[in-house]
Amino acid sequence: MAGALTERDFVQKLERAGFIDIEVLERAPMGISDCALYPLFTDELLATMRRLIPPDRVDRIAVCAIIRARRG
Amino acid sequence: MSRDLLHQDEIRGFVREAYRSVDSESRAVAEKLYSPEELEGVPAVALDHALGVANHLRHAHIEPGDTVLDLGCGSGIDSILAARRTGSSGRVIALDFLPEMLERTAAAAEEAGLDNVETLEGEMEAIPLSDSSVDCVISNGVVNLSPRKARVLAECSRVLRRGGELCVADVTVEEEELPPEVLTHPAAWAG
């Protein structure tokens, strides 16, 4: 997650790579509770996130997007 | 900003170590993302280690006979589901940088009775396939792990045939940055 792009940057990189007809088909907010489903998020990291991320963002710290494109 | 906080080699090391050591017996992720019908017949080894972020396969145009590249296949759940759709006349190339993941994918494919899943060890920044050799690239929660995302997407474009499809699910962030303590935490680069 720390290396994730913004959706705009992701789409721009796809365009630069030669993709066309780029569509963002789904967007689902990802909160800290969603992260806790994944064993990759350690208890320590989850605790750090709960401590530092403002309450109004804990349910939307990232967005899971589905993006489809065609090679031009 | 986050990309300036750590070196590429550090990031690769964090990701590699985190995925190598992951050991899960929870089906929570698989059951969240896929329907019971989709999961029917998928071997436990693939269900228990599913680490994707969405069900992109519902949007992927995968036809019988297609060659599909699963970029960062992990334990193989998406490779299994895609291989059912390509049928025996097509194939899925399951690419991952960790032999441990490829072993799980191969075991899952064998248990599922699929002989059209081929595992391939390699980096997504240097996909070991020839130009224009695949019809569709799928990837689930993987591109964000690379410190060289533009390179990854250029490689996807290179291996796809003209008109071929890329269908990815990935984590994106909004403009506001996460706290530096989160961005520099090794587990935050893998998770």
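Chains A and B, in that order, are what the protein sequence lines are.
With the numbering used here applied, the first sequence covers 1 to 72.
With the numbering used here applied, the second sequence covers 73 to 263.
Note that CB positions come from ideal geometry on N, CA and C, so glycine has one too.
Because the structure is a prediction, the values reported are computed rather than measured.
Problem - Three-state secondary structure (DSSP) of N37 (chain B) - result: The structure shown does not extend to residue 37 (chain B), since chain B is modelled only from 73 through 263, so no value can be given for it.
Practice task
Taking H133 (chain B) as the reference, give the member of B:G148, B:E97, B:E246 and B:V209 with the closest Cα.
Solution key: Here residue 133 (chain B) is taken as the residue at index 61 of the second sequence, counted from 1. Selected option, being the one with the closest Cα: B:V209.
Practice task
Would you mind giving the Cβ-Cβ distance between V240 (chain B) and M1 (chain A), rounded to the nearest angstrom? I have them listed as a contact below 8 Å.
Solution key: Mapped onto the second sequence, residue 240 (chain B) falls at position 168. Mapped onto the first sequence, residue 1 (chain A) falls at position 1. About 15 Å separates the two Cβ atoms, so there is no contact after all.
Problem - Pair within 8 Å by beta-carbon distance, A100 (chain B) and L129 (chain B) - result: Translated into the one-based positions of the second sequence, residue 100 (chain B) becomes position 28. Translated into the one-based positions of the second sequence, residue 129 (chain B) becomes position 57. No, these two residues do not count as a Cβ contact at 8 Å.
Exercise for the section: Select from B:A260, B:T139 and B:V245 the residue whose C-alpha is nearest the C-alpha of R157 (chain B). Expected result: As a first step, residue 157 (chain B) is located in the second sequence; it is residue number 85 there, counting from the start. Closest option to R157 (chain B), Cα to Cα, is B:T139.
Handout entry: Cβ-based burial, E23 (chain A) [other Cβ within 10 Å; buried from 16]
Key = Counting from 1 along the first sequence, the entry for residue 23 (chain A) is found at position 23. Classification for E23 (chain A): exposed.
Handout entry: Extent of the continuous alpha helix (DSSP H) run through V11 (chain A)
Key = For this step, residue 11 (chain A) is matched to residue 11 along the first sequence. Per DSSP, V11 (chain A) belongs to the alpha helix (DSSP H) from E7 to R16.
Exercise for the section: Return yes when at least one heavy atom of the ligand NAP lies under 7 Å from the C-beta of A65 (chain A), else no. Expected result: The ligand NAP is absent from the structure shown, which contains no ligands of any kind.
Exercise for the section: Check V224 (chain B) in the structure and name its three-state DSSP category. Expected result: Against the second sequence, residue 224 (chain B) aligns to sequence position 152. Here V224 (chain B) sits in helix by DSSP.
Exercise for the section: For chain A, find out if any of its Cβ atoms is closer than 8 Å to the Cβ of L225 (chain B); answer yes or no. Expected result: Along the second sequence, one-based indexing puts residue 225 (chain B) at 153. It does: the Cβ of L225 (chain B) has a partner Cβ on chain A nearer than 8 Å.
Problem - DSSP beta-bridge partners of C145 (chain B) - result: What you label residue 145 (chain B) is simply residue 73 of the second sequence in a count that begins at 1. DSSP lists no partner for C145 (chain B).
Exercise for the section: Residues of the stretch 225-242 of chain B with a CB closer than 8 Å to any CB of chain A: list them in chain order, please. Expected result: Of all residues in the stretch 225-242 of chain B, L225, A226, C228, S229, L232, R233, R234, G235, G236, E237, L238, C239, V240, A241 and D242 have a Cβ within less than 8 Å of some Cβ in chain A.
Exercise for the section: Specify the secondary structure class of V94 (chain B) as computed by DSSP and reduced to three states. Expected result: Walking along the second sequence from the start, residue 94 (chain B) turns up at place 22. Note: V94 (chain B) maps to coil in three-state DSSP.
Practice task
Below 8 Å on the Cβ atoms is my guess for V224 (chain B) versus V215 (chain B); work out the distance and round it to an integer in Å.
Solution key: As a working note, residue 224 (chain B) is residue 152 in the second sequence. As a working note, residue 215 (chain B) is residue 143 in the second sequence. The pair is a contact, with the Cβ atoms about 6 Å apart (cut-off 8 Å).
Practice task
Whole angstroms is fine: what's the gap from H79 (chain B)'s alpha carbon to L232 (chain B)'s?
Solution key: The residue given as residue 79 (chain B) occupies position 7 in the second sequence. The residue given as residue 232 (chain B) occupies position 160 in the second sequence. When rounded, the distance between both Cα atoms is 30 Å.
Handout entry: Extent of the continuous alpha helix (DSSP H) run through I32 (chain A)
Key = The residue labelled residue 32 (chain A) in the question sits at position 32 within the first sequence. Start and end: I32 to C35.
Problem - is_contact[M73 (chain B), chain A] using C-beta, thresh 8 Å - result: What you label residue 73 (chain B) is simply residue 1 of the second sequence in a count that begins at 1. A caution first: M73 (chain B) carries a pLDDT of 41, below 50, which makes its placement in the model unreliable, though a value can still be read off. No, its Cβ sits nowhere closer than 8 Å to a Cβ of chain A.
Practice task
Compare the C-beta of G3 (chain A) with all C-beta atoms of chain B and state if any pair is closer than 8 Å.
Solution key: Translated into positions along the first sequence, residue 3 (chain A) becomes position 3. For G3 (chain A), the answer is yes, since a Cβ of chain B falls inside 8 Å of its Cβ.
Exercise for the section: Quick one: which unbroken alpha helix (DSSP H) runs of 4-plus residues sit fully inside the stretch 112-158 of chain B? Chain order, please. Expected result: Restricted to the stretch 112-158 of chain B, the alpha helix (DSSP H) segments that are unbroken, complete and at least 4 residues in length are 116-120 and 149-158, listed in chain order.
Practice task
Select from the stretch 80-107 of chain B all residues with a C-beta closer than 8 Å to any C-beta belonging to chain A, and list them in chain order.
Solution key: I83, A90, Y91, V94, D95, S96, S98, A100, V101 and K104
Practice task
Confirm, please, whether the CB-CB distance from G144 (chain B) to G162 (chain B) is below 8 Å.
Solution key: Along the second sequence, one-based indexing puts residue 162 (chain B) at 90. Along the second sequence, one-based indexing puts residue 144 (chain B) at 72. It is not a contact, given that the beta carbons lie outside the stated cut-off.
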